[in-house]
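> For reference, the structure I am asking about is given below.
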Amino acid sequence: MSLAITRELLQTAAVENMPGWETRLFLITYPAGADGSGHSHPVPGIGYVLQGTMVSAFDEDAEEIIVAGQGFQDKASFHRVSRNGSATEPMRFVIAYTVKTGEPNTTWPSK
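The sequence shown lines up with residues 106 to 216 when you count with this note's numbering.
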């Protein structure tokens, strides 16, 4: 069973008056039942759910449910819970991060 989460970089733009920084816009798709928990963000992001239901929690925060048509913020911290809230429908969202050019906006633990 493949539950591959796709991360499509839609656009990158230099940040005016901030040399060495760029904003990245992604389209993220979680198939039904997909779970991307356990990653970190070194910078905050701001996003919007296009389709489906997202279940999210940072560090020891309580889980939050975000549905299509709602915006959200990714904290610059450990993304303990990040999963599709549906076992039957995909979940899609767009998210933007402003980061130093060449630096990651998301990191995963070494396996």
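Where a beta carbon is used, it is the ideal one built from N, C-alpha and C, also for glycine.
As the structure is a prediction and not an experimental result, all values here were calculated from the model.
(1) By the DSSP assignment, the beta strand (DSSP E) with ASN189 in it spans what residues?
(2) Taking the DSSP output, what are the residues bridged to THR134?
(3) Would ASN189 and TYR153 be called neighbours here (beta carbons separated by less than 8 Å)?
(4) If you draw a straight line from the C-alpha of THR158 to the C-alpha of GLY174, how long is it?
(5) By DSSP's criteria, SER161 is part of a beta bridge. Which residues make up the other side?
Here's the rundown:
(1) By 1-based counting over the sequence shown, the position of residue 189 is 84. 186-189 is the span of the beta strand (DSSP E), which, as asked, contains ASN189.
(2) Numbered from its first residue, the sequence shown carries residue 134 at position 29. Partner(s): THR111, ARG197.
(3) Position 84 of the sequence shown, counted from the start, is the residue given in the question as residue 189. Position 48 of the sequence shown, counted from the start, is the residue given in the question as residue 153. Their beta carbons are not under 8 Å apart, which means ASN189 does not touch TYR153 by this criterion.
(4) Here residue 158 refers to the residue found at position 53 when the sequence shown is read from its first residue. Here residue 174 refers to the residue found at position 69 when the sequence shown is read from its first residue. Each residue's Cα considered, the two are about 10 Å apart.
(5) As a working mapping, residue 161 is identified with position 56 in the sequence shown. Partner(s): GLU169, SER187.
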